[in-house]
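Working notes, beginning with the structure itself.
Number of protein chains: 2
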Amino acid sequence: MTQFSFISHLECPKCNKTYDEKQIQQLCECGSPLLVRYNLEDVKKHVTPEEIQRRSASLWRYHELLPVHNEKDVVTLGEGLTPLEKLDKLGSTYELDNLYIKDEGIIPTGSFKTRGASVGISKAKELGVKQLAMPTNGNAGAAWALYAAKANIKATIVMPLDAPQITRKEVHIAGGDLHLINGLISDAGKVVAQLVQDAGVYDASTLKEPYRIEGKKTMGYEIVEQFGWKVPDVILYPTGGGVGIIGIYKAILEMQALGWIEKDKFPRLVAVQAEGCAPIVDAWKKGEKESKFFEDSTTCAFGINVPKALGDFLVLDSLYKTEGCAIAISEQELLAAQKEVASLEGNFVCPEGAATFAAAKKLREQGWIKQEEHVVCLNTGAGIKYPETVEIEGVNTLQPGDSLLTSKR
Amino acid sequence: MTQFSFISHLECPKCNKTYDEKQIQQLCECGSPLLVRYNLEDVKKHVTPEEIQRRSASLWRYHELLPVHNEKDVVTLGEGLTPLEKLDKLGSTYELDNLYIKDEGIIPTGSFKTRGASVGISKAKELGVKQLAMPTNGNAGAAWALYAAKANIKATIVMPLDAPQITRKEVHIAGGDLHLINGLISDAGKVVAQLVQDAGVYDASTLKEPYRIEGKKTMGYEIVEQFGWKVPDVILYPTGGGVGIIGIYKAILEMQALGWIEKDKFPRLVAVQAEGCAPIVDAWKKGEKESKFFEDSTTCAFGINVPKALGDFLVLDSLYKTEGCAIAISEQELLAAQKEVASLEGNFVCPEGAATFAAAKKLREQGWIKQEEHVVCLNTGAGIKYPETVEIEGVNTLQPGDSLLTSKR
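Written out as structure tokens, the structure is:
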């Protein structure tokens with residue numbers, strides 16, 4: 004049987020201590036998240052980009068670079084290889100000749116959180132986990148509850164009352180152990196931390212288990228594969244916990260080490276936040292290595308309402324290393340962008356994804372992005388999960404037999 | 004430049020009259036829908052299944068067998084090649100060793116209607132259409148409005164007040180011309196018919212333009228390709244207008260003519276309806292060629308609340324020819340199946356899709372499906388578009404600082 008994964012061990016990016024991946028691990032002793040390391044030299048000998056391209060349309064096509072040893076432990080709903088589409092009409096409006104959407108709404112559960120859930124739950128299953136707990140702004144909890152159900156793992160999910168309504172229904176129909184909290188994700192986090200400490204359940208909080216990043220990094224692999232194993236110039240990412248941007252940066256480094264892409268050519272990574280919750284933007288502006296807790300945070304882009312991310316130092320590092328930036332968008336700007344993307348291009352993106360388009364527009368206006376550069380806006384979820392962001396006023400209501408020509412059109 | 008499409012002409016399946024596909028066509032003079040014909044002998048020489056497998060993960064991989072001549076007229080959001088996944092836990096519950104889901108929720112707009120919209124709008128664009136109108140139970144209108152926006156076509160959409168709320172928001176954000184009606188899709192159809200007659204707009208009603216079927220038939224191509232160019236034994240399809248089942252049957256016939264699959268081996272096609280709206284089931288039980296208008300129809304599976312389908316005779320023909328059947332499911336059965344699929348397999352399916360699982364269970368119990376047969380349940384949309392089908396009672400609500408161990412778990 005050929006080797007399915009080339010995972011080697013876990014490593015702390017702060018203190019460099021290493022850990023055994025065959026045991027359950029959470030954070031490093033020093034408090035930092037752990038990163039997964041692979042035997043990349045062996046992967047190089049074992050598989051080529053050409054071979055990967057012939058595999059099925061799922062993120063598991065990169066299985067050598069994912070942490071699960073045994074294929075039978077893979078918990079999949081067919082997630083990954085989401086569309087990367089060129090947006091000519093919107094690009095022309097923004098004066099961007101090569102504007103793309105990476106549409107993560109086209110995935111099971113309608114959110115990119117699914118990538119982390121598929122890989123995280125698969126590894127948890129392999130490690131023999133029977134119960135997990137996590138705080139969530141909604142979409143991650145929904146995804147983890149559904150994949151946990153498939154893996155026979157009990158999932159305790161704590162989400163704010165204000166999280167998108169549909170996500171609590173997803174947890175419920177999956178048979179998850181759902182709890183709401185009259186507060187923010189940081190309050191939910193404290194509840195989960197207490198449960199983890201007292202009851203010894205697996206902590207699936209963002210970055211407190213090392214495998215969610217591995218799922219998210221596949222976005223980086225896919226973007227590069229979809230560009231013919233080249234990196235674009237700019238990738239804009241709506242940043243809450245920041246796992247996606249950390250993952251994409253990790254993917255680029257791995258592909259460079261594998262010799263699959265040009266060495267030292269990075270996409271400039273852009274962390275997009277809402278003005279109502281912009282801790283990374285504040286830290287980046289000051290050139291700091293870590294962010295500060297953002298008080299009284301609020302935004303309709305609920306997934307990025309994260310006042311202080313555990314991996315903030317990794318997010319900021321990826322911005323500095325790739326000569327990227329961080330930018331904050333107003334509610335008005337992101338809602339206008341959401342409408343513009345749908346009415347010009349037909350993509351109904353989520354508010355978080357919309358923020359990246361507003362950011363691309365702004366950065367183009369400021370000259371930070373040049374007209375001919377290849378620019379990827381990462382839409383993290385389907386707009387259909389956020390009905391409340393679209394308001395309809397005064398729609399015509401007909402009675403049977405009415406005519407459209409004589410009614411009030 | 005190589006030929007993109009091998010479309011030849013349009014043909015009436017009732018009276019065999021042919022029509023020019025380079026002009027706008029709606030129904031046949033005799034009132035029947037028209038079907039698209041291709042030069043299959045030329046396709047055979049031009050492309051192989053092996054070549055198709057190497058193409059990008061979109062329904063446009065079958066472009067030779069789609070009606071659009073010029074690739075630049077293709078209007079795409081990256082739709083198609085949705086997951087086909089084996090469901091072992093649910094299969095074991097149903098005593099089915101080879102139960103599969105074809106998950107059409109994992110597609111732009113979260114519904115299989117997207118296939119018809121992508122192909123239908125692309126051909127409309129090629130034909131120079133500037134305005135279209137259609138009645139809809141929600142999802143088709145949403146998909147057509149979004150693709151029409153991308154194609155710069157004005158879309159007038161008429162949907163019942165009871166259609167899923169999210170679908171009117173999709174039409175609105177796309178900039179569509181939205182009208183609600185206090186009635187059924189059949190009432191909406193009359194309004195549209197009047198507008199078409201009086202104002203000469205393109206009629207995009209189900210089967211009144213010939214190209215929606217072509218989009219839907221790609222489900223048949225994909226299922227066969229995903230089974231390694233073999234047909235499964237049974238395909239269960241939630242049947243409203245029935246375009247999907249007509250399309251899948253057409254795809255099978257085309258692939259047989261192309262020599263891509265075994266001649267004369269058909270999947271048994273099953274039309275699944277709700278007990279509250281079962282005109283096809285009634286007609287099939289009596290061995291009739293057409294259905295009768297189903298009075299006072301009602302079901303929470305809104306997409307299959309179609310009291311009389313224009314293509315009923317084609318649906319029934321496909322059931323008779325493939326030795327399939329038609330079956331009606333109660334509301335209770337389909338809601339129970341929806342819960343069962345999510346909690347065992349992690350797929351949050353729509354109520355229409357859930358009905359096919361309830362049907363598979365019943366037909367297995369009756370012995371109509373055998374244990375070892377390969378069975379495909381076609382889930383036509385994402386459950387997240389139907390929040391009202393999931394009721395949550397008595398969820399625990401915490402205050403910041405509360406503990407899960409001392410709260411009422």
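Going down the list, the sequences are from chains D and X.
The letter at position 310 of the first sequence is residue 313 when you use my numbering, and the numbering goes up by one with no holes.
The letter at position 168 of the second sequence is residue 171 when you use my numbering, and the numbering goes up by one with no holes.
Quick reminder that beta carbons are idealized off the backbone N, C-alpha and C, glycines included.
Backbone CA spacing between residue i and residue j [nearest angstrom]
{"i": "E355 of chain D", "j": "V379 of chain D", "result": "14 Å"}
{"i": "D405 of chain D", "j": "V194 of chain X", "result": "7 Å"}
{"i": "K20 of chain X", "j": "E257 of chain X", "result": "20 Å"}
{"i": "L90 of chain X", "j": "P403 of chain D", "result": "44 Å"}
{"i": "E32 of chain X", "j": "K289 of chain X", "result": "29 Å"}
{"i": "A361 of chain D", "j": "E336 of chain D", "result": "6 Å"}
{"i": "D190 of chain X", "j": "Y252 of chain D", "result": "54 Å"}
{"i": "T359 of chain D", "j": "I226 of chain D", "result": "16 Å"}
{"i": "A166 of chain X", "j": "F351 of chain D", "result": "19 Å"}
{"i": "L135 of chain X", "j": "A304 of chain D", "result": "34 Å"}
{"i": "P270 of chain X", "j": "S300 of chain X", "result": "29 Å"}
{"i": "E74 of chain D", "j": "D236 of chain D", "result": "35 Å"}
{"i": "E82 of chain X", "j": "K153 of chain D", "result": "26 Å"}
{"i": "A151 of chain D", "j": "I27 of chain X", "result": "50 Å"}
{"i": "V174 of chain D", "j": "D267 of chain D", "result": "42 Å"}
{"i": "A146 of chain X", "j": "A120 of chain X", "result": "6 Å"}
{"i": "Y224 of chain X", "j": "Q259 of chain X", "result": "11 Å"}
{"i": "R412 of chain D", "j": "S125 of chain X", "result": "Low local confidence applies: a pLDDT of 45 at R412 of chain D is under 50, so the model's placement there is unreliable, with the coordinate-based value given in what follows. Using only the alpha carbons, I get a separation of about 27 Å."}
{"i": "L183 of chain D", "j": "G192 of chain D", "result": "12 Å"}
{"i": "C328 of chain D", "j": "K220 of chain D", "result": "19 Å"}
{"i": "G306 of chain X", "j": "G108 of chain X", "result": "14 Å"}
{"i": "S8 of chain D", "j": "G203 of chain D", "result": "28 Å"}
{"i": "L87 of chain D", "j": "E14 of chain D", "result": "32 Å"}
Where residue i falls: helix, strand or coil (DSSP)
{"i": "E67 of chain D", "result": "helix"}
{"i": "R367 of chain X", "result": "helix"}
{"i": "P241 of chain D", "result": "strand"}
{"i": "P163 of chain D", "result": "strand"}
{"i": "R57 of chain X", "result": "coil"}
{"i": "E291 of chain X", "result": "coil"}
{"i": "K411 of chain D", "result": "For K411 of chain D, the predicted structure reports a pLDDT of 47, less than 50, and the residue's modelled location is therefore unreliable. The matter cannot be settled from this model."}
{"i": "Y224 of chain X", "result": "helix"}
{"i": "E355 of chain D", "result": "helix"}
{"i": "Q134 of chain D", "result": "strand"}
{"i": "D206 of chain X", "result": "strand"}
{"i": "N185 of chain D", "result": "coil"}
{"i": "K128 of chain D", "result": "helix"}
{"i": "N142 of chain D", "result": "helix"}
{"i": "A304 of chain X", "result": "coil"}
{"i": "E377 of chain D", "result": "Note on residue identity: the sequence assigns His, not Glu, to residue 377 of chain D. Note: H377 of chain D maps to strand in three-state DSSP."}
{"i": "A339 of chain X", "result": "helix"}
{"i": "N19 of chain D", "result": "coil"}
Under 8 Å between C-beta atoms of residue i and residue j
{"i": "D105 of chain D", "j": "L381 of chain D", "result": "In the sequence as presented, Asp is not what sits at residue 105 of chain D; that position holds Lys. Taking 8 Å as the Cβ cut-off, K105 of chain D and L381 of chain D qualify as a contacting pair."}
{"i": "L317 of chain X", "j": "T392 of chain X", "result": "no"}
{"i": "G144 of chain X", "j": "P163 of chain X", "result": "no"}
{"i": "L93 of chain D", "j": "E343 of chain D", "result": "yes"}
{"i": "P310 of chain D", "j": "C353 of chain D", "result": "no"}
{"i": "T96 of chain X", "j": "L347 of chain X", "result": "yes"}
{"i": "G250 of chain D", "j": "G123 of chain D", "result": "no"}
Selection from the options that minimises the alpha carbon distance to residue i
{"i": "K48 of chain X", "options": "X:K268, X:G262, X:I176", "result": "X:G262"}
{"i": "G499 of chain X", "options": "X:A312, X:T383, X:A145, X:S125", "result": "Absent from the model: residue 499 of chain X. The displayed extent of chain X is 4 to 412, so no value can be given."}
{"i": "G113 of chain X", "options": "X:K25, X:A385, X:E129", "result": "X:A385"}
{"i": "A331 of chain D", "options": "D:G218, D:Q197, D:P241", "result": "D:P241"}
{"i": "S321 of chain D", "options": "D:E348, D:P111, D:L272, D:A363", "result": "D:L272"}
{"i": "E291 of chain X", "options": "X:V78, X:E278, X:Y323, X:I264", "result": "X:Y323"}
{"i": "M254 of chain D", "options": "D:Q29, D:L62, D:L30, D:D23", "result": "The residue asked about is misnamed: residue 254 of chain D is Ala in this sequence, not Met. Of D:Q29, D:L62, D:L30, D:D23, the residue nearest in Cα terms is D:L62."}
{"i": "S59 of chain X", "options": "D:Q6, D:E228, D:A340, D:Y205", "result": "D:E228"}
Residues that DSSP places opposite residue i in a beta bridge
{"i": "E1 of chain D", "result": "An answer regarding residue 1 of chain D cannot be provided, because it is not within the stretch 4 to 412 covered by chain D."}
{"i": "G384 of chain D", "result": "D:S114"}
{"i": "R40 of chain D", "result": "D:H12"}
{"i": "R271 of chain D", "result": "D:V237"}
{"i": "A154 of chain D", "result": "A154 of chain D pairs with nothing; no bridge assigned."}
Contact list for residue i against chain A, beta-carbon separation under 8 Å
{"i": "Q197 of chain X", "result": "Any reference to chain A falls outside this structure, whose protein chains are D and X."}
Near the ligand COA: residue i beta-carbon under 7 Å from a heavy atom
{"i": "L68 of chain D", "result": "Because no ligand of any kind appears in the structure shown, any question about the ligand COA cannot be addressed here."}
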